[in-house]
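Convert by adding 6 to the 1-based position in the sequence shown; the result is the number in my numbering.
Worksheet for the structure shown next.
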Amino acid sequence: MPMRNLGLAFVAVLLLALPAAAAAAADMTALLVVLPYGVFVLFLGGFVYRVVRWAKAPVPFRIPTTCGQEKSLPWIHNNPVENPAGPLGAIGRMAGEVFLFRSLFRNSQTEIVDGRPVYGSAKWLWFFGLMFHVSLLIAALRHLRFFTEPVVPLATGLSALDGFLEIGVPALYISDVTLLAGLVFLFLRRVVLPQVRYISLFSDYFALLLIATIAATGLLMRHFFPVDLNAVKTLAMGWVSFAPSAPADASILFYLHLCFVFVLIAWLPWSKLSHMAGIFLSPTRNQINNSRSRRHVNPWNAPVKVHTYAEYEDEFRDKMKAAGLPVEKE
Ligand code: HEM
């Protein structure tokens, strides 16, 4: 079953290439003018919908899934980042998560040695996961050179830094190599490890393959089948200035690259890749934990009629005394 998911994901990516190839064959450059706006609407609408739904989910209590001491008595040392009692600590914890994948750093693995479970550290997923995400971000940010005029210094700076090894012409970007290395690791992890293979879904493979095809078509354009970068820039500037015009022609690789990019962007909010927004709404990461200094009462609690011991004794005092039972009030 898990290998079927992998096969289906391969087929899905291949099927996606068909309309792009057909559009290239029929020279349908007009598609490149209108499609981005539809994709953008799906992306933005999807994220607004998901964020509003997440924000509406009731979270009446604190959910401190932490490894540190909560703030309580002054002589008990608390851990302000691990278990924050104020917003600054929560911002620090969130920043650690977003920029350094802090909780993934604590990833561990269990092995049975001589019949007993042994827990060891497992940093590879953290290392390659972080490498993959940073590389993808850098590659996407470098594309700002197509969308800004004059080109923003962030894009020029990143390109210069990224290509400083000056391997080949045009220079090979380090982030492209690390992106591919990250993708290969994440893919092999799902295929080789039986436990991970067992829980891998179609969408897990599809996301990896989609990003891999985007990177592959991009690299092919950059290093083997160059495209007219001036025409790409004119097209991209047309999109952002809401005055797009169809290019005279476009290579099939460019159609394929854009087709996969559009699918990725439109699918993002509806897929598990929406964790890029979800992380900020995750109660275990964004909540402060002040359960010891403030009483949190669930506002949706139905009123419960209680009968205290004092009331009970008032009601049955005579009978209790008659039966020889001790009472608190005579
Ligand atoms: C999710 C968004 C995107 C990702 C992850 C992505 C990824 C990549 C990668 C990895 C490369 C290889 C070379 C490099 O890193 O610069 C590349 C090249 C390229 N991409 Fe994209 N891309 C994206 C969106 C786009 C868009 C929207 C356009 C259209 C303007 C585009 C046009 C190009 C072109 C023309 C190249 C060749 C660049 C060159 O020859 O130097 N890409 N892309």
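Positions of the beta carbon are idealized from the N, C-alpha and C atoms, including for glycine.
Three-state secondary structure (DSSP) of residue i
i: Glu334; result: coil
i: Lys310; result: Reading the sequence as shown, one finds Val at residue 310 and not Lys. Coil, per DSSP.
i: Arg122; result: strand
i: Ser209; result: helix
i: Ser165; result: helix
i: Ser257; result: coil
i: Ser277; result: coil
i: Ser127; result: strand
i: Leu78; result: In the sequence under discussion, the amino acid at residue 78 is Ser, which differs from the Leu named in the question. Coil.
i: Ile3; result: The displayed coordinates of the chain run from 7 to 336. Any statement about residue 3 would go beyond what the structure contains.
i: Ser251; result: coil
i: Leu171; result: coil
i: His229; result: helix
i: His302; result: coil
i: Asn11; result: helix
i: Thr223; result: helix
i: Met203; result: Before going further, note that residue 203 is Arg rather than Met in the sequence given. Helix at Arg203.
i: Phe67; result: coil
i: His83; result: coil
Residue span of the beta strand (DSSP E) that contains residue i, given as start and end
i: Ile118; result: 114 to 119
i: Ser297; result: Neither: Ser297 is in no beta strand (DSSP E) and is coded neither H nor E.
Residues near residue i in its chain [Cβ-Cβ closer than 8 Å; skip 5 each side]
i: Trp306; result: Pro64, Pro66
i: Val333; result: Glu319, Arg323, Met326, Lys327
Where the alpha helix (DSSP H) containing residue i begins and where it ends
i: Pro42; result: 37 to 62
i: Arg196; result: 180 to 198
i: Asp324; result: 315 to 328
i: Pro93; result: 93 to 106
i: Met243; result: 235 to 246
i: Ala146; result: 130 to 148
i: Asn292; result: 289 to 292
Other residues of its chain near residue i: CB distance less than 7 Å, five sequence neighbours each side excluded
i: Phe107; result: Trp132, Gly135, Leu136
i: Leu22; result: Cys265, Phe266, Val269
i: Leu37; result: Ala29
i: Gln115; result: Gly126, Ala128
Same chain, Cβ closer than 6 Å to residue i, neighbours up to 5 away in sequence not counted
i: Ile173; result: none
i: Ala177; result: Gly169
i: Ala26; result: Tyr261, Leu262, Cys265
i: Ala15; result: Phe208, Tyr211, Phe212, Leu215
CB contact below 8 Å: residue i versus chain C
i: Arg301; result: Absent from the structure is chain C; it holds one protein chain and no more.
Buried or exposed (CB count within 10 angstroms, at least 16 for buried), residue i
i: Ser206; result: buried
i: Ala29; result: buried
i: Ser165; result: buried
i: Glu317; result: exposed
i: Asn182; result: Per the sequence presented here, residue 182 reads as Asp, with Asn not at that position. When all chains shown are included, Asp182 counts as buried.
i: Val198; result: exposed
Residues around the ligand HEM, please: the condition is that the C-beta lies closer than 7 Å to some non-hydrogen atom of it. Leu142, Ala145, Ala146, Arg148, His149, Phe152, Pro176, Tyr179, Ser181, Asp182, Leu185, Ile217, Ile220, Ala221, Gly224, Leu225, Met227, Arg228, Pro232, Val233, Leu235, Val238, Leu241, Ala242, Phe260, His263, Leu264, Val267, Leu270, Ile271
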